[in-house]
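*Asks:* When we follow the numbering used here, the leftmost residue of the sequence shown carries the number 416, and every step to the right adds one. Take this structure first; my questions come after.
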Amino acid sequence: MNALQKFKSSPWAWVPTLYFAEGIPYFIVNNISVLMLAKMGVSNGEMALFTSLLYLPWTIKPFWSPFVDIIKTKRWWVISMQILMSIAFILLTLSVPHPDAATIASGHTPISMFYVTLILFFITAFASATHDIAADGFYMLALSQKNQAAYVGIRSTFYRLASIFGQGVLVYIAGALETSTGDIPKSWMLTIMFTAVMFCIVTLYHTFFVPKPDSDKSHLAAVEGEDAAAKPSAGTIFKEFGQSFATYFKKPGLWLAMAFMLLFRLPEAFLIKMCTPFLVAGRELGGLGLSTEEVGIVYGTIGVFFLTIGGILGGIFASRLGLKKSIWWMAACMTLPCLTFVYLAAYLPTNLVSISVAVAIEQFGYGFGFTAYMLYMIYFSEGEFKTSHYAICTAFMALSMMIPGMFAGYLQEYLGYVNFFWMVMVCCIATLVVTYFADRKIDPEYGRK
């Protein structure tokens with residue numbers, strides 16, 4: 416076996432790049448779109464409404480996840496969705512509108528200029544959500560249980576690197592181009608072009624290096640093949656799919672669980688949609704007036720780093736105390752650090768270090784507190800259909816960010832940044848209320864080592 420064959424046979428040949436490719440479209444759609452529209456002069460109300468709707472494919476993906484099992488192989492879905500996203504990125508490059516400087520400066524660039532761009536973002540979101548389903552399924556099929564455990568840290572690390580790349584590196588590139596060209600639309604067009612080229616290369620690489628395990632078969636193919644008796648039919652899959660939904664909505668404590676999943680992150684759902692616009696808005700508008708490059712450093716790099724550290728430490732903390740004993744600490748970390756944005760909006764500091772520290776504190780708190788949310792979803796999903804039930808929980812997770820985000824921009828325009836961030840603090844009451852009721856139902860031993 417030569418060196419190339421040996422490399423191709425190793426999970427290192429595809430696990431890191433697969434999960435890097437999984438993360439990039441998500442952050443392009445849900446983060447880059449927000450900053451791009453804000454920099455193009457679209458009002459916060461319209462920007463927040465339309466970019467929040469881009470969450471929809473992740474909200475409803477459990478409804479079409481069976482098709483990924485029934486039709487074609489997981490590998491086919493992975494490569495096909497990457498090809499579709501590559502095409503969408505290329506078309507995005509060609510569709511970026513070019514409003515003039517006066518229109519951008521007015522802050523009232525019509526959203527109608529971006530309808531084609533938003534449609535392409537939505538196609539990318541749909542393909543990305545489908546890619547998530549297929550990639551996670553392929554990971555379990557292509558690797559032994561031992562290797563699944565061995566590479567779980569690698570996949571998480573490269574997904575986080577995609578976050579830093581998408582929110583940090585790409586934003587910094589857009590800012591550097593903006594500074595050098597003085598042309599905001601052109602800077603974003605070139606940034607998306609760079610992303611399109613990179614993603615096309617990754618897709619081409621995966622076409623040759625993602626393996627073709629024998630176990631990766633569609634259920635329809637299995638039914639038609641020799642092992643038909645060992646595989647469920649398409650009809651059986653749909654029946655089980657319907658049963659998993661029916662049993663989910665009959666689970667004890669459903670209404671409390673739904674309230675928890677929708678409201679625990681309410682403060683962050685409002686804050687995260689207005690965070691980037693606040694950082695780049697002019698000081699005369701109540702923002703910090705940071706350059707695009709500075710946002711890439713402060714929020715996209717430092718913020719993501721502390722978000723990751725918070726998540727890691729939150730997992731360690733919860734594993735030692737269990738969910739019940741740690742949930743109040745995590746609820747506090749989810750809520751109290753939002754005060755840093757009240758401080759930033761009220762005092763408008765110019766020192767980049769002070770701004771970075773405030774963002775780092777808020778992101779660390781969110782990362783730490785989010786652990787309780789994830790554990791609660793796993794806890795509620797326990798039972799016969801835990802995989803399907805967890806998928807439904809993730810739909811509520813996406814919905815909890817989509818719905819508040821749709822109204823965040825209009826609320827900010829009405830209240831102003833200072834009062835908007837105080838409103839975020841008031842929303843912390845919802846987090847505390849659902850935590851109080853959820854805490855009473857949690858098994859004291861759940862989540863402990």
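Glycine residues also receive a C-beta, built at the ideal position from the N, C-alpha and C atoms.
What would DSSP say about glutamate 699, mapped onto helix, strand or coil?
*Replies:* Of the three classes helix, strand and coil, the one that applies to glutamate 699 here is helix, per DSSP.
*Asks:* Got a sec, what are the start and stop residues for the alpha helix (DSSP H) proline 764 sits in?
*Replies:* It is not in any alpha helix (DSSP H) - proline 764 carries neither H nor E in the DSSP assignment.
*Asks:* If we count Cβ pairs, one from each stretch, closer than 8 angstroms, do we get three or more for the stretch 750 to 757 versus the stretch 805 to 815?
*Replies:* These segments do not touch.
*Asks:* Quick one: Cα of leucine 605 to Cα of threonine 508, how far?
*Replies:* Looking at the two C-alpha atoms, the distance is approximately 7 angstroms.
*Asks:* Can you tell me which of the three DSSP states serine 595 falls into?
*Replies:* In the structure shown, serine 595 sits in a helix (DSSP, three-state: H, G or I).
*Asks:* Would methionine 689 pass as a contact of alanine 845 if the rule is Cβ separation under 9 angstroms?
*Replies:* Result no, Cβ atoms of methionine 689 and alanine 845 do not sit closer than 9 angstroms.
*Asks:* Could you give the residue range of the alpha helix (DSSP H) that holds glycine 552?
*Replies:* Looking at the DSSP string, the run of the alpha helix (DSSP H) that includes glycine 552 is 530 to 557.
*Asks:* Under 8 angstroms by Cβ, that's how I've got glycine 456 and tyrosine 825 pegged, so tell me the actual separation to the nearest angstrom.
*Replies:* 17 angstroms between Cβ atoms; not a contact.
*Asks:* Cα-Cα, which of Asn446, Met451, Phe852 is closest to alanine 674?
*Replies:* The option with the nearest alpha carbon to alanine 674 is Phe852.
*Asks:* With valine 370 as the anchor, note down where its alpha helix (DSSP H) starts and where it stops.
*Replies:* No statement about residue 370 is possible, as the shown extent of the chain runs from 416 to 864 and does not include it.
*Asks:* Hey, could you find the ends of the alpha helix (DSSP H) cysteine 753 is sitting in?
*Replies:* Run containing cysteine 753: none; DSSP gives neither H nor E here.
*Asks:* Please report the Cβ distance between threonine 786 and alanine 746, rounded to the nearest whole angstrom; I am assuming they are in contact, meaning their Cβ atoms lie under 8 angstroms.
*Replies:* Their Cβ separation, rounded to whole angstroms, is 11 angstroms, which puts threonine 786 and alanine 746 out of contact at 8 angstroms.
*Asks:* Would the C-beta of lysine 688 count as close to the ligand HEM, meaning under 8 angstroms from any of its heavy atoms?
*Replies:* As presented, the structure is devoid of all ligands, the ligand HEM included, so that no description of it is given.
*Asks:* Can at least three beta-carbon pairs, one atom from the stretch 464 to 480 and one from the stretch 531 to 540, be found at a separation below 8 angstroms?
*Replies:* With the cut-off at 8 angstroms, the stretch 464 to 480 and the stretch 531 to 540 touch.
*Asks:* Rounded to the nearest angstrom, how far is the Cβ of threonine 545 from that of tryptophan 492, given a contact under 8 angstroms?
*Replies:* Contact flag correct, Cβ pair sits at about 6 angstroms.
*Asks:* Please report the Cβ distance between valine 719 and glycine 820, rounded to the nearest whole angstrom; I am assuming they are in contact, meaning their Cβ atoms lie under 8 angstroms.
*Replies:* Not really, about 19 angstroms apart at Cβ, beyond 8 angstroms.
*Asks:* Tell me which same chain residues have a C-beta within less than 6 angstroms of the C-beta of valine 531, skipping the five on either side of it?
*Replies:* Counting only Cβ-Cβ distances below 6 angstroms, and skipping sequence neighbours, we find Ser510.
*Asks:* Terminal residues of the continuous alpha helix (DSSP H) containing isoleucine 519?
*Replies:* Unbroken alpha helix (DSSP H) run through isoleucine 519: 516 to 521.
*Asks:* In whole angstroms, what is the alpha-carbon distance linking methionine 500 and alanine 761?
*Replies:* Spanning the two alpha carbons is a distance of roughly 41 angstroms.
*Asks:* Taking C-beta to C-beta, are alanine 823 and phenylalanine 656 nearer than 9 angstroms?
*Replies:* No.
*Asks:* Taking the alpha-carbon positions, what's the proline 626 to phenylalanine 504 distance?
*Replies:* So the alpha carbons of these two residues sit roughly 25 angstroms apart.
*Asks:* Pick out whichever of Cys842, Phe624, Val757, Ser769 has its Cα sitting closest to the Cα of leucine 705.
*Replies:* Cα-wise, what sits closest to leucine 705 is Ser769.
*Asks:* Hey, out of Val617, Pro512, Leu556, Gly552, whose CA is closest to leucine 535's CA?
*Replies:* Nearest C-alpha to leucine 535: Pro512.
*Asks:* Given that a residue counts as buried once 16 or more other Cβ atoms are within 10 Å of its Cβ, and exposed if not, what is tryptophan 427?
*Replies:* Burial call: exposed.
*Asks:* Beta-carbon within less than 7 angstroms of leucine 728's beta-carbon, same chain only, minus the 5 sequence neighbours each way: which residues are those?
*Replies:* Answer for leucine 728: Phe783, listed in chain order.
*Asks:* If you reduce the DSSP assignment to three classes, tell me which class tryptophan 429 lands in.
*Replies:* Three-state result, tryptophan 429: coil.
*Asks:* What is the rounded straight-line gap between the Cα of serine 495 and the Cα of proline 859?
*Replies:* Roughly 45 angstroms separates the two Cα atoms.
*Asks:* Compute the Euclidean distance between the alpha carbons of leucine 506 and threonine 707, then round it to the nearest angstrom.
*Replies:* Cα-Cα distance, rounded: 23 angstroms.
*Asks:* When the Cα atoms are used, what is the spatial distance from lysine 740 to isoleucine 439?
*Replies:* Taking the straight line from one Cα to the other gives about 35 angstroms.
*Asks:* Looking only at C-alpha atoms, which of Val430, Ser448, Trp473 sits nearest to methionine 816?
*Replies:* When only C-alpha atoms are compared, the closest one is Trp473.
*Asks:* Would the beta-carbon of phenylalanine 795 fall within 9 angstroms of that of leucine 576?
*Replies:* Not closer than 9 angstroms, so no.
*Asks:* Measuring CA to CA, which of Pro514, Ser543, Gln563 is closest to phenylalanine 529?
*Replies:* The option with the nearest alpha carbon to phenylalanine 529 is Pro514.
*Asks:* Taking the alpha-carbon of histidine 523 as reference, which of Ser458, Tyr805, Met676 has the nearest alpha-carbon?
*Replies:* When each option's Cα is compared against that of histidine 523, the closest is Ser458.
*Asks:* Around the C-beta of leucine 669, are 16 or more other C-beta atoms found within 10 angstroms, so that it is buried, or is it exposed?
*Replies:* Counting Cβ neighbours within 10 Å, leucine 669 comes out exposed, since fewer than 16 surround it.
*Asks:* At which residues does the alpha helix (DSSP H) containing arginine 735 begin and terminate?
*Replies:* From DSSP, the alpha helix (DSSP H) with arginine 735 extends over 719 to 736.
*Asks:* Measure the Cβ-Cβ separation of phenylalanine 573 and glutamine 497 and say whether it is below 9 angstroms.
*Replies:* No.
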